[in-house]
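Asks:
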Amino acid sequence: MSEGTTVAVSDRVDEVEAPLRRVFREYGVPRIHWFAVAVAMNLVARLSSLVPPLVLGTAIDAIFSGTNAYSLPLVPQGWLPTEPKAQFWFSVSLIVGAFVVTAVTTWAQAITSDIFAHRSLHAVRVDTFRKMQELDMAFFDEQQTGEAMSILNQDATNLERYLDQALKNGFRLVIMVVAIGALLLSMNWQLALVTLVGVPLMTLFTIWFSRRVAPRYDAVRSSVGDLNTRLENSIGGMQLVKTSNTEEFETDRVEEASWNFYTTNMDVLKLAFLYRPGMRLLAGLSFVATFVVGGLWLFSGPPLFFSGELTVGDFVVFIFLTQRFIDPLAQISNIIDWFENARASGKRIFGLMDTPVRIEDSPDAVELESVDGRVAYDDVTFSYDGEETILEDVSFDADAGDTVAFVGPTGAGKSTAVKLLMRLYDVDEGAVSVDGHDIRDVTVGSLRESIGYVSQETYLFDGTVAENIRYGEFGATRDEIVEAAKAAEAHEFITDLADGYDTQVGERGARLSGGQRQRISIARTVLQDPDILILDEATSAVDTETEVLIQRSLDRLAADRTTFVIAHRLSTVTDAETILVLEEGRVVERGTHQELLEEDGLYANLWAVQAGEIDDLPDEFVDRARGDV
Numbered sequence: 001m002s003e004g005t006t007v008a009v010s011d012r013v014d015e016v017e018a019p020l021r022r023v024f025r026e027y028g029v030p031r032i033h034w035f036a037v038a039v040a041m042n043l044v045a046r047l048s049s050l051v052p053p054l055v056l057g058t059a060i061d062a063i064f065s066g067t068n069a070y071s072l073p074l075v076p077q078g079w080l081p082t083e084p085k086a087q088f089w090f091s092v093s094l095i096v097g098a099f100v101v102t103a104v105t106t107w108a109q110a111i112t113s114d115i116f117a118h119r120s121l122h123a124v125r126v127d128t129f130r131k132m133q134e135l136d137m138a139f140f141d142e143q144q145t146g147e148a149m150s151i152l153n154q155d156a157t158n159l160e161r162y163l164d165q166a167l168k169n170g171f172r173l174v175i176m177v178v179a180i181g182a183l184l185l186s187m188n189w190q191l192a193l194v195t196l197v198g199v200p201l202m203t204l205f206t207i208w209f210s211r212r213v214a215p216r217y218d219a220v221r222s223s224v225g226d227l228n229t230r231l232e233n234s235i236g237g238m239q240l241v242k243t244s245n246t247e248e249f250e251t252d253r254v255e256e257a258s259w260n261f262y263t264t265n266m267d268v269l270k271l272a273f274l275y276r277p278g279m280r281l282l283a284g285l286s287f288v289a290t291f292v293v294g295g296l297w298l299f300s301g302p303p304l305f306f307s308g309e310l311t312v313g314d315f316v317v318f319i320f321l322t323q324r325f326i327d328p329l330a331q332i333s334n335i336i337d338w339f340e341n342a343r344a345s346g347k348r349i350f351g352l353m354d355t356p357v358r359i360e361d362s363p364d365a366v367e368l369e370s371v372d373g374r375v376a377y378d379d380v381t382f383s384y385d386g387e388e389t390i391l392e393d394v395s396f397d398a399d400a401g402d403t404v405a406f407v408g409p410t411g412a413g414k415s416t417a418v419k420l421l422m423r424l425y426d427v428d429e430g431a432v433s434v435d436g437h438d439i440r441d442v443t444v445g446s447l448r449e450s451i452g453y454v455s456q457e458t459y460l461f462d463g464t465v466a467e468n469i470r471y472g473e474f475g476a477t478r479d480e481i482v483e484a485a486k487a488a489e490a491h492e493f494i495t496d497l498a499d500g501y502d503t504q505v506g507e508r509g510a511r512l513s514g515g516q517r518q519r520i521s522i523a524r525t526v527l528q529d530p531d532i533l534i535l536d537e538a539t540s541a542v543d544t545e546t547e548v549l550i551q552r553s554l555d556r557l558a559a560d561r562t563t564f565v566i567a568h569r570l571s572t573v574t575d576a577e578t579i580l581v582l583e584e585g586r587v588v589e590r591g592t593h594q595e596l597l598e599e600d601g602l603y604a605n606l607w608a609v610q611a612g613e614i615d616d617l618p619d620e621f622v623d624r625a626r627g628d629v
């Protein structure tokens with residue numbers, strides 16, 4: 001993997017440009033009709049909310065003037081009643097109607113904006129998870145589980161807040177500022193300038209805040225991922241924690257991660273605690289300035305360089321609308337909080353989505369059909385990080401139906417060799433072929449469908465026994481599931497469970513023993529009915545009695561199939577057509593069991609130790625095979 005080594009998401013975020021524009025373009029635009037309705041409803045709601053103070057101001061002027069003068073902006077004079085009583089009820093009806101329209105359109109806006117945001121979030125989360133499924137195992141070797149969970153949960157939720165709250169309130173802010181600003185200017189442009197004098201100061205203050213808070217939000221999102229990873233590791237390894245008596249150690253590590261999150265979060269809040277009161281202060285000063293200048297204008301005539309007339313009704317409307325004008329501006333800190341959180345989260349999400357997919361179908365890939373099971377490794381060389389070679393110049397051929405065993409010291413590359421066959425990783429040099437096809441030239445799906453994998457690290461999903469056996473073969477009937485369980489020597493213990501095949505196994509199969517989990521895994525592979533079988537130390541973690549049962553089921557499963565066995569106990573591979581002895585990534589011996597015994601090399605000495613013929617390996621082999629003895 002020296003070519004294009006996987007980079008963790010945390011190292012890729014700086015390469016993501018304009019994440020908020022991108023999330024709106026890729027996920028908002030396809031659902032733009034919901035967004036357009038929400039904006040339209042928002043516009044109507046904001047404009048209708050301005051009707052009551054305008055009507056009230058007109059009514060006040062009519063009362064104070066004593067002339068029954070009555071007018072409304074944008075309403076033709078001929079439409080208005082002339083009698084005072086009729087004017088009163090007309091005003092009441094306008095105010096009530098405005099409240100009704102505001103309520104209905106606010107409700108409609110909330111519904112449509114939520115649909116827009118949540119449908120977009122659903123698509124983001126599904127696409128993010130789908131991308132994770134496409135990435136090769138090298139990504140997951142580098143990526144911490146807690147970090148990935150943080151991206152799928154918290155970061156996706158932050159984007160939802162951006163698509164819902166930030167955009168909704170952002171448009172509300174624009175609508176209110178533009179509409180009220182225009183209305184104030186049309187009523188009395190001089191007093192309106194007094195009201196608007198704080199806007200440039202608020203704008204400069206906001207730019208200053210945004211530039212300083214942005215990198216702090218990046219640190220917050222990173223610390224959240226670190227905390228989730230620490231919690232995931234500690235809770236997932238709870239049994240080891242308790243048996244090692246390291247509760248305090250783990251608590252200290254979680255406390256450290258939590259404190260790091262606290263300090264990074266406080267870096268944001270310290271700026272926010274300065275910004276929010278500052279914005280409210282500027283907004284309050286704008287209101288006070290409007291009130292003072294307007295009051296002096298009413299009582300003493302135009303002050304200073306002002307000119308013209310200001311009516312009591314206009315002054316009342318100005319006070320009402322000035323409050324409506326500056327309140328959204330004072331709330332802009334919340335919008336910035338949503339935007340900056342979403343920007344940092346968007347960089348992490350798109351950092352993941354932009355990770356190159358290195359194991360995928362080539363443009364001319366063919367389906368692997370009617371597999372015989374012939375497998376060949378031709379001068380295969382591989383490394384995980386592009387530096388330390390794990391396999392070097394490995395070559396061998398396996399005929400259809402053969403059993404090939406890999407043995408050797410820990411770290412020799414045995415498990416890596418079979419992972420290359422499944423294309424969990426791609427070779428750096430050389431080639432792996434099935435039935436004469438380079439596996440890079442066939443579709444990944446058809447290749448993996450033809451291979452069954454039973455590992456020492458059995459994984460069961462939280463669900464029933466039957467669901468776990470059927471996993472990957474979702475159309476299997478109950479009878480087929482039972483037959484597979486019988487073939488795996490699992491039927492008897494399953495029927496002894498409280499709910500039989502409908503028994504819940506718990507997370508990772510925690511309610512079952514290791515041997516029971518292993519037999520369910522074997523039953524799953526039986527149901528798959530693969531052409532090629534891989535057994536990765538499938539009996540290494542069970543007791544002798546369970547090993548006998550499992551080995552018997554494995555022997556039936558391997559019959560007439562090309563089988564690759566990674567063995568710790570050499571007694572399980574004595575019948576293999578080929579045994580490959582690996583050491584430091586190289587094949588140092590190969591042959592049948594009898595041929596290797598006659599060579600009197602590493603294999604023969606390992607066999608002698610396990611058979612009790614000698615107490616320990618000769619000195620020349622001790623360092624080479626210490627991990628297996």
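Take 1 as the starting number for the sequence shown in the UniProt record's numbering and just add one per residue.
Where a beta carbon is used, it is the ideal one built from N, C-alpha and C, also for glycine.
Three or more beta-carbon pairs under 8 Å between the region 499-514 and the region 463-476, yes or no?
Replies: At 8 Å Cβ cutoff, the stretches touch.
Asks: Answer with buried or exposed for Arg21, where buried requires no fewer than 16 other C-beta atoms within 10 angstroms of its C-beta.
Replies: Result: exposed.
Asks: Between Ile32 and Phe116, what straight-line distance do the alpha-carbon atoms span, to the nearest angstrom?
Replies: Ile32 and Phe116: Cα-Cα distance of roughly 8 Å.
Asks: Could you tell me the distance, in whole angstroms, from the CA atom of Glu457 to the CA atom of Ala484?
Replies: The straight-line gap from Cα to Cα measures roughly 20 Å.
Asks: Are Leu298 and Phe315 closer than 7 Å when you measure CB to CB?
Replies: It is a contact, given that the beta carbons lie within the stated cut-off.
Asks: Assuming Ser383 is part of the alpha helix (DSSP H), what are its boundary residues?
Replies: Counting along the chain, Ser383 falls outside any alpha helix (DSSP H), though it belongs to the beta strand (DSSP E) covering 375-383.
Asks: Could you give the C-beta distance for Phe318 and Leu184, rounded to a whole number, given that I count them as a contact under 8 Å?
Replies: Yes, Phe318 and Leu184 are in contact; Cβ-Cβ is about 7 Å, under 8 Å.
Asks: Please report how far the alpha carbon of Pro200 lies from the alpha carbon of Gln331, in whole angstroms.
Replies: Computed Cα separation, rounded: 16 Å.
Asks: Does the beta-carbon distance from Val407 to Val581 come in below 7 Å?
Replies: A contact, by the Cβ cut-off of 7 Å.
Asks: Checking the sheet assignment: what are the DSSP bridge partners for Tyr453?
Replies: Answer is Ile534.
Asks: Could you tell me the distance, in whole angstroms, from the CA atom of Glu598 to the CA atom of Ala604?
Replies: Between Glu598 and Ala604, the C-alpha separation is close to 8 Å.
Asks: Check for me: the alpha helix (DSSP H) holding Thr525 runs from which residue to which?
Replies: From DSSP, the alpha helix (DSSP H) with Thr525 extends over 514-528.
Asks: Could you pull the DSSP bridge partners for Arg586 from this structure?
Replies: In the DSSP output, where bridge partners are listed per residue, Arg586 has Glu583.
Asks: Are the CB atoms of residue 638 and Phe88 nearer to each other than 7 Å?
Replies: Because the chain in this structure spans residues 1 to 629, residue 638 falls outside the shown range and cannot be described.
Asks: Hey, is the region 333-351 in contact with the region 164-178, meaning 3+ C-beta pairs nearer than 8 Å?
Replies: Yes: at least three Cβ pairs fall under 8 Å.
Asks: Ignore the nearest five residues each way along the sequence and tell me which others in Val482's own chain have a CB closer than 7 Å to its CB.
Replies: His491, listed in sequence order.
Asks: Once the 5 residues before and after Glu160 are set aside, which same chain residues still bring their CB inside 7 Å of it?
Replies: Cβ neighbours of Glu160 beyond the five flanking positions: Ala117, His118, Leu121.
Asks: Apply the 10 Å Cβ neighbour rule to residue 717 and answer buried if 16 or more other Cβ atoms are within range, or exposed otherwise.
Replies: Missing from the structure shown is residue 717; the chain here goes from 1 to 629 and no further.
Asks: Would you list, in sequence order, the uninterrupted alpha helix (DSSP H) runs of no fewer than 4 residues that lie entirely inside the region 95-181?
Replies: If we require 4 residues or more, the alpha helix (DSSP H) runs fully inside the region 95-181 come out as 137-142, 145-150, 156-161.
Asks: Nearest to Val312 by CA position, among Arg556, Phe291, Arg324, is which residue?
Replies: Among Arg556, Phe291, Arg324, the Cα nearest to that of Val312 belongs to Phe291.
Asks: Please name the residue, chosen from Asp218, Glu387, Gln323, Gln144, that lies closest to Ser234 on a Cα-to-Cα basis.
Replies: For Ser234, the nearest C-alpha among the options comes from Gln144.
Asks: In the DSSP assignment, find the beta strand (DSSP E) that holds Phe406 and state where it starts and stops.
Replies: Looking at the DSSP string, the run of the beta strand (DSSP E) that includes Phe406 is 403-407.
Asks: With C-beta atoms as the reference, is Ile359 less than 7 Å away from Asp136?
Replies: Yes. Within cutoff.
Asks: Determine, using beta carbons only, whether Val442 and Val366 come nearer to each other than 7 Å.
Replies: Yes, the pair counts as a contact, with Cβ atoms nearer than the cut-off.
Asks: In or out: Ala45 buried (at least 16 other Cβ within 10 Å) or exposed?
Replies: Buried.
Asks: Give, in chain order, every unbroken run of the alpha helix (DSSP H) that is at least 4 residues long and sits entirely within the region 229-311.
Replies: 238-243, 247-300, all fully within the region 229-311.
Asks: Return the CA-CA distance between residue 640 and Ile180, expressed in angstroms with no decimal places.
Replies: Given that the chain is displayed from residue 1 to residue 629, the structure contains no residue 640 and the question cannot be resolved.
Asks: Would you kindly work out how many angstroms separate the C-alpha atoms of Arg626 and Trp607, rounded to a whole number?
Replies: Any answer about Arg626 is weak, because its pLDDT of 46 lies below 50 and its placement is not dependable; what the coordinates show is given next. Whole-angstrom Cα-Cα distance: 14 Å.
Asks: Could you please give the first and the last residue of the uninterrupted beta strand (DSSP E) stretch that includes Gly506?
Replies: It is not in any beta strand (DSSP E) - Gly506 carries neither H nor E in the DSSP assignment.
Asks: Along the chain, where does the alpha helix (DSSP H) containing Thr495 start, and where does it finish?
Replies: 491-496 is the span of the alpha helix (DSSP H), which, as asked, contains Thr495.
Asks: Where Leu285 and Gly198 are concerned, what is the direct C-alpha to C-alpha distance, given to the nearest angstrom?
Replies: Spanning the two alpha carbons is a distance of roughly 8 Å.
Asks: First and last residue of the alpha helix (DSSP H) that includes Val442?
Replies: Counting along the chain, Val442 falls outside any alpha helix (DSSP H), and DSSP gives it neither H nor E.
Asks: Could you check where the alpha helix (DSSP H) with Leu602 kicks off and where it finishes?
Replies: Segment 602-610, the alpha helix (DSSP H) holding Leu602.
Asks: Taking the alpha carbon of Ile550 as the point to measure from, which residue in Phe493, Arg440, Gln594, Asp267 has its own alpha carbon closest?
Replies: Taking only the C-alpha atoms, the option nearest Ile550 is Phe493.
Asks: Per DSSP, what kind of secondary structure is His437 in: helix, strand or coil?
Replies: Residue state, collapsed to three classes: strand.
Asks: Would you list the one or two residues that DSSP bridges to Val432?
Replies: For Val432, which the question treats as bridged, DSSP gives the partners Tyr377.
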